[in-house]
Amino acid sequence: MRETKPALCRICPAYCPILVTLEDGRAVEVAGDPEAPLYGGYSCPKGRALPEQHASPARLLHSLKRANGGFERIASTRAVTEVAERVQRIVAEHGPRSVALYIGTNSLPYPASSQLASAWLRALGSRMLFTSNTIDQPGKQIATALHGAWHAGGMEFASADAWLVVGQNPLISKSGALPMQNPGRQLTDALARGMKLIVIDPRRSETARRAHVHLQPRPGEDPTLLAAMLHVIFAEGLADAEFLRENADGAEELRAAVAPFTPEAAAARAGVRAAEIVRAARAFANARRGGGAAGTGPAFATRGNVTEYLTLCLITVCGFWPREGDPASRLNVLLPPYTPRAQPYPPYPALGDGEKLRVRGLENCAAGLPTAALPEEILLEGEGRVRALFCLGGNPMMAFPDQRTTQAALAKLDLLVTFDPELSATSRLAHYVIAPKLTLETPGMSQSAEALKFFGANVGYAAPFAQYAPALVAPPAHSELVEEWEFFYGMAQRLGLALTIVGFYGWGAHLESPPIVTKLDMQRKPSTDELFEIFTRGSRIPLAHVKRFPHGRVFDEVAGVVAAREAGCDARLQLAAPEMLRELAEIAREDWRAQHATVSHPFRLIPRRSNFFVNSSGRSLPSLTRGKPWNPAHAHPDDLAALGVASGDVVRIRSRHDEALAVIEADDTLRRGVVAMTHAFGANPGEPDDPRAAGTPLGRLLRLDDDYDPISGIPRMGALPIAIERVR
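Mapping of the sequence shown onto my numbering: position 660 corresponds to residue 741, and the numbering continues sequentially without gaps.
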């Protein structure tokens with residue numbers, strides 16, 4: 082029997098609607114859903130590989146327990162009991178802080194799992210919750226805290242005349258600088274109507290190739306160029322003075338702070354042309370409506386906070402926030418209703434609310450606990466040491482900076498529990514590996530995609546779209562799989578803990594609606610659908626109504642316009658946050674010539690997204706690896722010639738801290754002196770080091786404490802000085 086049903090892809094936060102073809106209950110094909118609005122039938126190779134992922138020979142069909150130097154099969158109910166007992170002993174001896182939870186990117190599309198895992202940790206009494214947020218783009222939340230946010234969200238891309246993309250390739254990453262729903266089609270439509278795209282990127286990426294202005298700087302110079310654009314806008318009187326008078330403080334202080342960043346000075350430093358900086362600034366500021374966002378590249382280059390902050394400042398200085406009477410975007414469907422207003426949320430503290438760490442003076446920040454410090458919290462002896470770690474939707478051995486220290490930390494744990502469909506680099510070190518159900522075996526809904534707007538003004542759904550998808554296939558025969566949330570619920574039952582779900586909707590202390598608190602029934606385990614009903618309590622559109630539209634729907638009945646500022650609202654956006662102006666002054670004083678002319682490490686390594694992998698996911702699937710299961714070291718052909726190497730050669734990459742082997746490939750989209758590689762590949766230290774088999778572990782080249790941000794703790798992970806030498 083062959084049939085096709087609509088579903089929801091959850092490989093990445095784009096949440097593409099898909100059509101799944103089933104044969105005798107098995108998924109055999111996935112394609113984009115042409116009946117779904119917004120997406121236009123789009124799907125990516127990762128989503129189309131879902132049937133292969135579900136049927137992969139590498140997939141774990143039973144949970145595992147470490148024993149006798151390897152792993153043995155364990156029933157999930159037995160694993161719940163054993164893990165709960167070990168947690169109970171650890172907490173009794175060392176206190177609840179000794180238990181930590183790491184939530185990775187791949188957990189985002191499964192709201193029940195991350196919600197119940199977090200609820201379990203809170204019930205246990207621990208605040209040691211770490212996420213991938215602080216080793217990816219923590220500057221988004223930190224900059225928003227320092228600058229403030231706009232109550233009505235960001236400007237609609239569909240009506241923008243200019244758009245700025247900094248250090249991101251959203252046509253591939255679908256990560257938010259452009260709309261995440263079929264970004265290629267939306268960009269094509271925008272350019273056709275005359276929108277000017279401005280891209281700052283050391284690579285002529287798929288997105289940069291379509292830009293009106295592409296500034297191709299030396300890596301790490303993003304804030305230099307943004308400051309220079311602001312310099313031009315102030316100098317030429319292009320700022321929206323009326324908007325600033327009504328809504329922002331610090332314009333004159335910001336003007337003074339960017340004064341040293343003339344187009345000529347910035348051009349010399351960044352390695353671009355001054356005239357192109359001026360052209361970019363004018364194209365942006367002369368637009369009627371605009372917006373933009375920064376990405377992972379600047380975040381990895383240690384200046385992510387100020388890059389994100391200056392991006393927000395550019396938008397504010399130009400007045401590019403929705404005004405009263407504009408069409409309202411990002412109206413909630415499966416989130417509680419609210420009235421978007423043409424007014425600011427004022428800044429709020431970026432630090433000082435939550436757990437303090439024992440290392441390097443780091444503490445909880447607007448982006449969460451500094452994840453880069455977690456290995457040190459495990460290794461540092463004394464009261465409060467982390468002794469048990471639960472890893473949900475993540476692969477720290479591939480994702481964390483400083484692979485050797487991470488390995489030492491994980492090996493020192495009394496208890497490491499991972500939830501993993503395969504025996505990943507991290508799971509190979511675990512005491513228990515819990516085998517989960519996958520996308521098509523579980524219900525899904527788009528609420529998490531709506532909530533992405535709380536991570537960035539232009540992220541999530543601009544239109545009021547929502548979709549629900551039931552589970553379509555049963556787990557493989559003779560398997561024993563669980564949804565991750567079931568494991569945490571079972572542990573809570575065995576430990577006598579009551580779980581409470583807390584829904585927060587907004588930025589920092591500024592909420593669109595009050596938190597919704599729900600205590601779970603700990604006697605009768607809910608279903609995933611019942612949990613979804615809890616998560617959507619108070620939603621603008623009931624989940625039951627959303628379920629009536631299996632292909633998803635834009636709920637035009639919730640459309641509206643931006644309301645007027647509330648009477649008595651005196652909130653202001655902040656253009657002169659002291660922390661950011663100090664950092665900008667430090668940049669202005671730097672000896673940039675010495676930084677860019679390092680003789681011992683003449684190249685700069687930057688991150689590069691792949692259309693075939695989400696972090697370490699997909700590396701075992703032949704349709705995605707296409708005979709190349711590694712992450713090439715992309716470099717300009719002239720650099721390969723100067724090194725005396727050819728595409729396909731193995732080279733040794735050395736940083737200041739360590740070295741790793743890589744397969745080099747020529748790529749003329751890069752400026753000379755730049756090497757671009759995809760993270761989350763490679764093997765663990767001590768395992769066979771063949772770059773053509775597993776790729777290159779870039780985390781091995783990094784150090785946790787190398788040039789780290791004092792707020793988020795993210796270390797230098799990009800614009801990394803490296804040397805390259807031929808091996809064979």
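All residues carry an ideal CB built from backbone N, CA and C; glycine is no exception. Every value quoted in this text rests on a predicted model; they were computed, and no experiment measured them.
Backbone CA spacing between residue i and residue j [nearest angstrom]
{"i": "SER560", "j": "LEU460", "result": "36 Å"}
{"i": "THR85", "j": "PRO551", "result": "13 Å"}
{"i": "TRP711", "j": "ARG159", "result": "37 Å"}
{"i": "ALA453", "j": "ARG663", "result": "24 Å"}
{"i": "ILE396", "j": "ALA348", "result": "22 Å"}
{"i": "ARG735", "j": "PRO683", "result": "11 Å"}
{"i": "LEU189", "j": "SER195", "result": "7 Å"}
{"i": "LEU245", "j": "CYS399", "result": "12 Å"}
{"i": "THR706", "j": "GLY699", "result": "8 Å"}
{"i": "GLY122", "j": "GLY128", "result": "12 Å"}
{"i": "PRO796", "j": "LEU782", "result": "12 Å"}
{"i": "PRO718", "j": "ASP749", "result": "6 Å"}
{"i": "PRO451", "j": "ARG439", "result": "11 Å"}
{"i": "LEU580", "j": "PRO192", "result": "15 Å"}
{"i": "GLY372", "j": "MET310", "result": "14 Å"}
{"i": "LEU227", "j": "TYR390", "result": "8 Å"}
{"i": "ALA382", "j": "MET798", "result": "6 Å"}
{"i": "ASN149", "j": "HIS512", "result": "12 Å"}
Beta-carbon proximity of residue i to residue j, cut-off 8 Å
{"i": "LEU141", "j": "ASP501", "result": "yes"}
{"i": "ASP407", "j": "VAL635", "result": "no"}
{"i": "PRO118", "j": "GLY633", "result": "yes"}
{"i": "THR186", "j": "SER213", "result": "yes"}
{"i": "ALA34", "j": "ILE622", "result": "Look at the range of the chain in this structure, 82 to 809, and you will see that residue 34 is not part of it."}
{"i": "ARG807", "j": "THR759", "result": "no"}
{"i": "GLU457", "j": "ARG466", "result": "no"}
{"i": "ARG411", "j": "LYS600", "result": "no"}
{"i": "PRO427", "j": "GLY106", "result": "no"}
{"i": "LEU103", "j": "VAL554", "result": "yes"}
{"i": "PRO298", "j": "GLY352", "result": "yes"}
The alpha helix (DSSP H) enclosing residue i, as first and last residue numbers
{"i": "THR305", "result": "303 to 316"}
{"i": "THR392", "result": "385 to 398"}
{"i": "GLU174", "result": "157 to 175"}
{"i": "VAL627", "result": "624 to 627"}
{"i": "GLU531", "result": "528 to 532"}
{"i": "VAL643", "result": "No alpha helix (DSSP H) holds VAL643; DSSP gives it neither H nor E."}
Range of the contiguous beta strand (DSSP E) that encloses residue i
{"i": "TRP673", "result": "Careful: TRP673 lies outside any beta strand (DSSP E), inside the alpha helix (DSSP H) at 673 to 677."}
{"i": "LYS600", "result": "597 to 600"}
{"i": "VAL732", "result": "731 to 735"}
{"i": "GLU649", "result": "The residue you asked about is not Glu; residue 649 is Gly in the sequence shown. Segment: none, GLY649 is in no beta strand (DSSP E) and carries neither H nor E."}
{"i": "PHE569", "result": "Segment 565 to 576 is the alpha helix (DSSP H) holding PHE569; no beta strand (DSSP E) there."}
{"i": "TRP244", "result": "243 to 247"}
{"i": "ALA727", "result": "ALA727 -> no beta strand (DSSP E), and no H or E assigned at all."}
{"i": "GLU503", "result": "No beta strand (DSSP E) holds GLU503; DSSP gives it neither H nor E."}
{"i": "LYS277", "result": "277 to 281"}
{"i": "SER144", "result": "144 to 148"}
With 16 other Cβ atoms within 10 Å as the buried cut-off, status of residue i
{"i": "VAL732", "result": "buried"}
{"i": "VAL755", "result": "buried"}
{"i": "GLY767", "result": "exposed"}
{"i": "ALA813", "result": "A question about residue 813 goes unanswered here, because the residues of the chain that appear run from 82 up to 809."}
{"i": "PRO769", "result": "exposed"}
{"i": "GLU503", "result": "buried"}
{"i": "ASN539", "result": "buried"}
{"i": "SER608", "result": "exposed"}
{"i": "GLU174", "result": "exposed"}
{"i": "GLN655", "result": "buried"}
{"i": "LYS606", "result": "exposed"}
{"i": "THR269", "result": "exposed"}
{"i": "VAL583", "result": "exposed"}
{"i": "SER124", "result": "buried"}
Cutoff 7 Å; reference residue i; Cβ partners in own chain excluding five residues on either side
{"i": "GLN424", "result": "HIS232, ARG646, GLU647, CYS650, ALA652"}
{"i": "GLU614", "result": "LEU624"}
{"i": "TYR419", "result": "ASN413, GLU593, SER594"}
{"i": "ARG115", "result": "The displayed chain sequence assigns Pro, not Arg, to residue 115. Here the set comprises GLY122."}
Same chain, Cβ closer than 6 Å to residue i, neighbours up to 5 away in sequence not counted
{"i": "LEU470", "result": "ALA181, LEU494, LEU497"}
{"i": "ALA289", "result": "VAL280, ASP282, HIS295"}
{"i": "GLY385", "result": "GLY220, PRO379"}
{"i": "SER207", "result": "PRO177, ARG178, VAL180"}
Own chain residues within Cβ distance below 8 Å of residue i, not counting five before or after
{"i": "MET199", "result": "According to the sequence provided, residue 199 is Ser. The question's Met does not apply to it. These residues qualify, in order along the chain: LEU182, ILE184, LEU210."}
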